[in-house]
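If you're matching them up, the sequences are chains U and B in order. For what it's worth, our numbering labels the leading residue of the first sequence as 1, then goes sequentially. For what it's worth, our numbering labels the leading residue of the second sequence as 1001, then goes sequentially. The beta-carbon is built from N, C-alpha and C at its ideal position, and this holds for glycine as well. Predicted model, so just to flag it, every value in this text is computed and none were measured.
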Amino acid sequence: MASHTSTPLEYSTKQNEMNILGFWIFLGAEIVLFSTLFASYAVLEGSTVGGPAQGEIFVLKDVLIETFLLLTSSFTMGLALHQMRDNNKTAMLVWTVITLLLGAGFVYFEINEFIHYVHEGLTMQTNAFGSAFFTLLGTHGLHVSLGIGWVLMLIIQILRRGITAVTARKFFIVSLYWHFLDVVWIFIFTFVYLKGLM
Amino acid sequence: MDLSNFFVTGDPLILGSQIAIGLTMVGLVVLITYLKKWKWLWEEWFTTVDHKKIGIMYIIAGVLMFFRGGVDGLMMRTQTSRPNMEFLDAQHYNEVFTTHGVVMILFMAMPLLIGIINVVMPLQIGARDVAFPKLNALSFWTFFVGAMLFNVSFVIGGSPDAGWTAYMPLAGKEFSPDIGNNYYAIALQIAGIGTLASGINFIVTILKMRAPGMKLMRMPMFTWTTLVTSVLIVAAFPILTVALAQMSLDRIFGAHFFTVAAGGDPMLWLNLFWLWGHPEVYIVVLPAFGMFSEVIATFSRKNLFGYATMVLSIVGIAFLSMLVWVHHFYTMGNSAAVNSVFSITTMMIAIPTGVKIFNWLFTMRKGRIKFSNAMLWSLAFIPCFTIGGVTGVMLAMAAADYQYHNTMFLVAHFHYVLIPGVVFAVFAGLYYWWPKMFGFKLNEKIGKWHFWLFIIGFNLTFMPMFFIGLDGMSRRMYTYSESTGWGPWLLLSAIGAFILAAGFAALVYNIYWSFRYASRDIGGDPWDARTLEWATASPVQEYNFAVVPEVSDHDEFWNMKKAGRTKIKREDIKDIHMPSSSGIPILFSIALGIVGFFLVFEWITLAAIFSVLIIAGLIANSFDYDDGYHIPAEKVWETERKWRGDL
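What follows is the structure, given as structure tokens:
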């Protein structure tokens, strides 16, 4: 692993170091944001007046597919970063595109899942459970969708400019973001779906 | 939303404001066009990423908002100056106290403090700018757009009227069907983005950009308080983001977070609001403590007493501030055990705060105190703030709080905390750092008028409220009968409010007078001060430091002066890298403002269409590879020679 012993490219300038630290702090703020959404969900999950309860509508199979897609995308994102550090632009972009496809698959299945719930009679306007559920899941899904757009922009920039200190830093930051969303999903899977199906 | 209700009509006061606002806008546009200043405004200010200019824009906006919030305050005190007064009706009074609170906390206190932080903090640590200059501009413009969106509410569409706390279910659609509270939810959301970005920006700046040798425990106290405040911002503002999003979803999209009939919980709002709202109090008061620390040390001509305990206290205060939020609603159905816990954590805050008070007093002890205006404000702060603190401990006792919960006693308490704690600090900071920002001092004599009118007015306005509060007058009452006996107290309070306003007018006059007549020949260090910002020119050169100083101890500039190390050498000056101006922050913020405006009016389709602008802004920024430019060493040398004289 000789190529990894020196300072990675994304940490090679002072400005890069600061950008990455700033993004870590931003992720700290994101943790507070999602914690608040989880707390609100915990307070309101029992308020299913006039609508179906969790156990009646959650379909474990669909959720498992989503989980599989998103967790795999986090792995392929890691592989893309690995290729970036080896300065292997083509392999990096291949893994990045695979990551995007998995992410898009996740969003597709999540939208399907939401449509299913609406047919079952649960919307954000049904009751407090619906509001808290769709807000928590929707915020996560919106983050993933934004992430897809963000990665797309970076693919264009890496195609144009190659792997430079700046593009490496940008890609490293988006990978942090992507892994973070993965972690949030694990909490959603546990505290929303598994708990709801118990 | 019916278009016929677009403009607020039927109130002569508001009609007058609409005409005045319209004329002022037209007048400004004509004036700027006549003076051919558009290009200058755009290039030097609207697109600037210079932390000093951004700070000055924050301060100007903050002073304007102080005026706006102050007028609200005067209207309230006029309305209650006599029993059964008919100056404002109940609805108008509700709107006025709501906007007064929001404007004063979020659009006056926050920008004034963040503005001064912006100007001073990078200079104190020997940095050339903040870590993310373009993000800093975005912070300012989102704040400004949020503030303007909130401010148009009273002429277009109607103001929020459920108090600055916007308690549910009162602020929900059922009890507040008008769009006023949409303004609250959306405008605060937009401004909040900027505040969070500022917090992150300041943390990275302080952690990564300190001059060589400046260890954390050698930082000036104002920088320390900025760091701790920024951590609080990052920890607390996302909670407000979620709470406001839930309010918006409830009000605009028919969700049920807070509607009891559909299983919602109004207490969720209260908890989230105060989980942000209490730390917010410390977010505004900690930098203020930092300013007093700098001013008191400088004008006592001593180093700050108990530096380490000062740092420990601010960290302690910040930590405890996250654990006290329930004290805002002791009376709303908590168990005795819960109330007791929060009662104790609240009272514990008095300990580190007391430590700070004594440290300031000991800093002054045996010092050769110079009674400049900045110092006067710091001296007045200590007794006034202590009154606020002690009454705070009274309110902290849960059992006793049942007596004065939501009375005028509370109103008096938090004005005694926030006005000395924040406003006095901002005044002290303005007098102190004004020469650094503009290259001339504010007049000390007019400053005395400002000081005495404001201090007397402040105490006259708020002291009576303690007594009528204990006598049972609840807050937010728009009228009362003569038999209550509150009339004389409230008349005194109203008179005080106008004296206070006269004090503010004296400040404005002082700025005008000093701008025209004050001496420009003041050098870099007019107060014989102690910290690094005074090692630069007044006003500060755009690159801040020609040579970044090496730091060996606290109060480095003082040491440099004592050791005769203030001179710089030609060969030490290198080319200096500077960030380029950018139009993206202002344009992106305006896009947010447009979408926000449509959301306020619940025009969802329009909001969705114009969201494209926001996405376009993000894309434009992603592709912005501008790498800044360099100022050649030769030019830096020329500038330095000009203000330092012979080198």
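Next on the checklist: Below 8 Å on the Cβ atoms is my contact criterion, and I expect D62/U with E113/U to pass it. Report the Cβ-Cβ distance as a whole number of Å.
Outcome noted: About 5 Å separates the two Cβ atoms, so the contact holds.
Checklist entry - Which residues in the same chain have their Cβ closer than 7 Å to the Cβ of I1117/B, if we skip the five residues on either side of it in sequence? => result Residues of the same chain with a CB within less than 7 Å of the CB of I1117/B, apart from the 5 flanking positions on each side, are F1202, T1226 and P1287 in chain order.
Next on the checklist: For G78/U, would you say it is in contact with chain B, using Cβ-to-Cβ distances shorter than 8 Å as the test?
Outcome noted: Contact with chain B is absent for G78/U, since none of that chain's Cβ atoms lies less than 8 Å from the residue's Cβ.
Item to check | For F1424/B and F1358/B, the rounded distance between their alpha carbons | outcome: The C-alpha of F1358/B lies about 18 Å from the C-alpha of F1424/B.
Next on the checklist: With distance defined between alpha-carbon atoms, name the residue in F1598/B, A1620/B, R1520/B and L1240/B nearest to V32/U.
Outcome noted: Answer by Cα proximity: L1240/B.
Checklist entry - Should the stretch 1537–1549 of chain B be regarded as contacting the stretch 1221–1236 of chain B, the criterion being three or more beta carbon pairs within less than 8 Å? => result The count of Cβ pairs closer than 8 Å, one atom from the stretch 1537–1549 of chain B and one from the stretch 1221–1236 of chain B, stays below three, leaving the stretches out of contact.
Item to check | the stretch 1074–1093 of chain B contacting the stretch 1473–1482 of chain B, beta-carbon criterion three pairs below 8 Å | outcome: Flag = yes, the stretch 1074–1093 of chain B and the stretch 1473–1482 of chain B touch.
Item to check | Neighbouring residues, chain B, relative to N250/U (Cβ below 7 Å) | outcome: With chain U represented from 1 up to 198, any question about residue 250/U goes unanswered, as that position is not in the structure.
Checklist entry - According to the Cβ coordinates, are L1418/B and L1395/B closer than 8 Å? => result In this structure, L1395/B does not lie closer than 8 Å to L1418/B by Cβ.
Item to check | Separation of G1069/B from G1158/B, as counted between CA atoms | outcome: C-alpha separation (whole angstroms): 16 Å.
Checklist entry - Straight-line CA distance for I186/U to L71/U? => result Cα to Cα, the separation comes out at about 9 Å.
Checklist entry - For T1479/B, which three-state DSSP category applies? => result Here T1479/B sits in coil by DSSP.
Checklist entry - Excluding sequence positions up to five away, which residues of its chain have a Cβ less than 8 Å from the Cβ of K1208/B? => result The answer, listed in chain order, is A1131.
Next on the checklist: By the three-class DSSP mapping on this structure, what secondary structure does H40/U have?
Outcome noted: In the sequence on display, residue 40/U carries Ser and not His. Judged by DSSP in its simplified three-state form, S40/U adopts helix.
Checklist entry - Going by the CB atoms, is the gap between L1138/B and S1589/B shorter than 8 Å? => result Cβ atoms of S1589/B and L1138/B: closer than 8 Å.
Item to check | Burial state of F1066/B (16 or more Cβ within 10 Å) | outcome: Buried, by the Cβ-count rule.
Checklist entry - Between the C-alpha atoms of A1607/B and R1251/B, what's the straight-line distance to the nearest angstrom? => result Within the model, the alpha-carbon separation for A1607/B versus R1251/B is close to 15 Å.
Item to check | Buried or exposed by the 16-neighbour rule on C-beta atoms within 10 Å, applied to W1038/B | outcome: Residue environment for W1038/B: exposed (fewer than 16 other C-beta atoms within 10 angstroms of its C-beta).
Item to check | Delimiting residues of the beta strand (DSSP E) encompassing H1278/B | outcome: First-last for H1278/B: P1266 to S1300, but that is the alpha helix (DSSP H), not the beta strand (DSSP E).
Next on the checklist: From the DSSP secondary-structure annotation, give me the bridge partner or partners of Y1629/B.
Outcome noted: Looking at the DSSP output, Y1629/B shares a beta bridge with M1578/B.
Checklist entry - What in chain U is Cβ-close to K1208/B, meaning under 7 Å? => result Near K1208/B (Cβ distances below 7 Å), the residues of chain U are E17, M18 and L21.
Next on the checklist: Could you check whether the stretch 142–153 of chain U touches the stretch 111–130 of chain U, counting it as contact only if at least three pairs of C-beta atoms, one from each stretch, sit closer than 8 Å?
Outcome noted: Contact check between the stretch 142–153 of chain U and the stretch 111–130 of chain U: fewer than three CB pairs, one atom from each, fall below 8 Å, which does not count as touching.
Checklist entry - Can you check whether the CB of V1551/B is closer than 8 Å to the CB of P1220/B? => result Their beta carbons are not under 8 Å apart, which means P1220/B does not touch V1551/B by this criterion.
Next on the checklist: Against chain B, does I25/U count as a neighbour if the rule is that its beta carbon must be under 8 Å from one of theirs?
Outcome noted: Judged by the 8 Å Cβ criterion, I25/U is in contact with chain B.
Next on the checklist: Please confirm whether S6/U has its beta-carbon closer than 8 Å to some beta-carbon of chain B.
Outcome noted: Not one chain B Cβ lies under 8 Å of S6/U.
Checklist entry - Does any residue of chain U bring its CB to less than 8 Å from the CB of A1235/B? => result Yes, A1235/B counts as interfacial toward chain U.
Checklist entry - Looking at the C-beta of V1145/B, does it have a partner C-beta in chain C at a distance below 8 Å? => result Going by chain labels, chain C is absent from the structure shown, which instead holds the protein chains U and B.
Next on the checklist: Measuring straight from C-alpha to C-alpha, what distance separates Y1404/B and F1385/B?
Outcome noted: One C-alpha to the other measures close to 20 Å.
Checklist entry - Can you tell me where the alpha helix (DSSP H) with M1075/B in it begins and where it stops? => result Under the DSSP assignment, M1075/B falls in the alpha helix (DSSP H) whose first and last residues are H1051 to Q1079.
Next on the checklist: Going by the DSSP bridge assignment, what does T139/U pair with across the sheet?
Outcome noted: None; T139/U has no bridge partner.
Checklist entry - Name the chain U residues whose beta carbon is nearer than 7 Å to that of A1355/B? => result The sequence shown places Val at residue 1355/B, not Ala. The CB of V1355/B never comes closer than 7 Å to any CB in chain U; the least such distance is about 28 Å.
Checklist entry - Shortest alpha-carbon distance to A1090/B belongs to which of G1163/B, E1571/B and W1486/B? => result For the set G1163/B, E1571/B and W1486/B, the Cα lying nearest the Cα of A1090/B is the one of G1163/B.
Next on the checklist: For the structure I just gave you, are there three or more beta carbon pairs, one from the stretch 1444–1452 of chain B and one from the stretch 1510–1523 of chain B, closer than 8 Å?
Outcome noted: They touch, by the three-pair rule.
Checklist entry - Rounded to the nearest angstrom, how far is the Cβ of D1555/B from that of R1530/B, given a contact under 8 Å? => result About 4 Å separates the two Cβ atoms, so the contact holds.
Item to check | Helix, strand or coil at A2/U according to DSSP, with G and I counted as helix | outcome: Because A2/U carries a pLDDT of 45, less than 50, the predicted location of this residue cannot be relied on, and the following value inherits that uncertainty. Helix, per DSSP.
Item to check | C-alpha distance - V1393/B paired with F1342/B, whole-angstrom precision | outcome: Approximately 12 Å, taken between the alpha carbons.
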